[in-house]
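Asker: Quick one: this structure, given as structure tokens, is what I'll be asking you about.
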Amino acid sequence: MEKKIVFSGVQPSGALTIGNYIGALRNFGELQDEFDCNYCIVDMHAITVPQVPKNLRKNTLDVLSMYMACGIDPEKSTLFVQSHVPAHAELSWVLNTITYMGQLNRMTQFKEKSKKSDENLNAGLFTYPVLMAADILLYQTDFVPVGEDQKQHLELARDLAERFNNKYSDTFVVPEPLIKEFGARIMSLQDPTSKMSKSDSDENAFILLQDNKDKISKKIKRAVTDSVGIVNYSDDQPGIKNLINIYSVLSGKEINDIVDMYSGKGYGVFKSELAEVVVEALDPIQTKYREYLDSKDYLEKIYTEGAQKAEAKARKTLRKVYKKIGFISR
Ligand code: TYM
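Sequence positions in the sequence shown follow this note's numbering and run 7 to 336.
This is the structure in structure tokens:
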């Protein structure tokens, strides 16, 4: 039986956070044996906000190294850079022509990002979700492992697949999101009502996958909590709830067991032990990450071969699409 297909992507728009890891990357490796996995570094998405070219190049190799350090095996999965496979831009154009402006106007991520960037309210930011739909639909994807914040974009991808299929006959698989029950939305350490994000201007708000022990401890110590003083898993204590979620996912311990372990102990002890859990979980990833980053030739081999594999799959779908919409082949 043919394996079902998985696709996901990460933007090389800065160093990755434990939010990216817990919500997405951590799950990518686990899927490789059961599914035919495609993992993309979406540099074309990253340029919808201003990027320094030198940093974008560096961040692209950073994400590639992090992908592998988090357990993606390029022998098992197709690992590639989005701009190396032009079919993404090409399908995106076609999908733009069946996307309603109203749908894009309703995208919460666009609304949030456009509030922050009036000087750069570019069309790419607006049509970003269409490019994301193209990424997914090109590979005939069945499942898309992502964090909670991508759910609305996934809905659009499903909607466009169905609209195209209805208009021209069955062409695309309608993809489903794979969103974990715990850890799909890691919150900011400074404001537990908003998502942890690598673009936050306050660096105490996030923990980077590359942060050292000292930084991790300091950031957790400074994490905003409350005046209750009891380690409880409750919506009334969103800061502590977020920290318990991180603890649970990274240690493999159940939420209830963690609450029991810290009953009567206060936030100080809990926070310093959480810092140990985070350091321990990230240590092997950081070691591998540094090794990959130092092997530039190996990285080049991986993304070159990955692009070839991805290109072949993507072309197959694009050829079908062009035929159905009435483009003559050359
Ligand atoms: P990006 O680069 O912002 O984030 C990469 C992945 O990390 C998840 N994530 C989080 N999960 C839990 N808690 C958080 N605080 C947190 N922050 C980020 C994201 O949900 C995502 O899974 N549009 C996408 C990239 C993309 C894509 C795709 C994803 C482009 N094309 C096709 C899947 C399929 C994005 O900006 O992710």
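For glycine and all other residues, C-beta sits at the position ideal for the given N, C-alpha and C. Note that the coordinates shown come from a computational prediction; the quantities given were computed from them, not determined experimentally.
How about Lys-10 and Asp-148: do their beta carbons lie closer than 8 Å?
Answerer: Taking the first residue of the sequence shown as 1, we reach residue 10 at position 4. Taking the first residue of the sequence shown as 1, we reach residue 148 at position 142. Yes, the Cβ-Cβ distance between Lys-10 and Asp-148 is below 8 Å.
Asker: Would you check whether ligand 1 has a heavy atom nearer than 7 Å to the C-beta of Asp-68?
Answerer: Walking along the sequence shown from the start, residue 68 turns up at place 62. No, ligand 1 has no heavy atom inside 7 Å of this Cβ.
Asker: Buried or exposed for Gly-189, going by 16 or more other Cβ atoms inside 10 Å?
Answerer: What you label residue 189 is simply residue 183 of the sequence shown in a count that begins at 1. Gly-189 is buried by the Cβ-count criterion.
Asker: Which value, in whole angstroms, describes the spacing of the CA atoms of Phe-212 and Tyr-174?
Answerer: Sequence index remark: in the sequence shown, residue 212 carries index 206 (1-based). Sequence index remark: in the sequence shown, residue 174 carries index 168 (1-based). Taking the straight line from one Cα to the other gives about 45 Å.
Asker: Got a sec? Which residues, its chain only, sit under 8 Å from Phe-116 by beta carbon, not counting five neighbours each side?
Answerer: Here residue 116 refers to the residue found at position 110 of the sequence shown. Within the same chain, Phe-116 has close Cβ partners Leu-110, Leu-131, Phe-132, Tyr-134 and Pro-135.
Asker: So is the beta-carbon of Ala-30 under 7 Å away from any non-hydrogen atom of ligand 1?
Answerer: Within the sequence shown, residue 30 is the residue found at index 24, counting from 1. Ala-30 has its CB nearer than 7 Å to a heavy atom of ligand 1.
Asker: Please list the terminal residues of the continuous alpha helix (DSSP H) segment that includes Tyr-273.
Answerer: For the purposes of this step, residue 273 is identified with residue 267 of the sequence shown, where counting begins at 1. Note, Tyr-273: alpha helix (DSSP H), 272–300.
Asker: Thinking Pro-183 and Lys-157 are a contact (beta carbons under 8 Å), I'd like their distance in whole angstroms, please.
Answerer: Counted from its first residue, the sequence shown places residue 183 at position 177. Counted from its first residue, the sequence shown places residue 157 at position 151. Correct: roughly 6 Å between the Cβ atoms.
Asker: Could you check where the beta strand (DSSP E) with Ile-11 kicks off and where it finishes?
Answerer: Along the sequence shown, read from residue 1 onward, the residue named residue 11 stands at position 5. Here the beta strand (DSSP E) through Ile-11 covers 11–16.
Asker: Can you tell which of Val-275, Gly-274 and Lys-247 has the C-alpha that lies nearest to the C-alpha of Asn-262?
Answerer: For the purposes of this step, residue 262 is identified with residue 256 of the sequence shown, where counting begins at 1. Here the closest residue by C-alpha is Lys-247.
Asker: In its own chain, which residues sit with a C-beta less than 8 Å from the C-beta of Thr-199, not counting the 5 before and 5 after it?
Answerer: Taking the sequence shown and counting its residues from 1, one reaches residue 199 at position 193. For Thr-199, where only same-chain residues beyond five positions count, the Cβ hits under 8 Å are Met-193 and Pro-244.
Asker: From what residue to what residue does the alpha helix (DSSP H) around Phe-132 run?
Answerer: Your numbering for residue 132 matches position 126 in the sequence shown. Taken as a continuous stretch (DSSP letters only), the alpha helix (DSSP H) holding Phe-132 covers 129–144.
Asker: Which residues mark the beginning and the end of the alpha helix (DSSP H) in which Asn-238 is found?
Answerer: Taking the sequence shown and counting its residues from 1, one reaches residue 238 at position 232. Counting along the chain, Asn-238 falls outside any alpha helix (DSSP H), and DSSP gives it neither H nor E.
Asker: Checking the sheet assignment: what are the DSSP bridge partners for Asn-44?
Answerer: One-based indexing of the sequence shown puts residue 44 at position 38. Per DSSP, Phe-13 and Thr-84.
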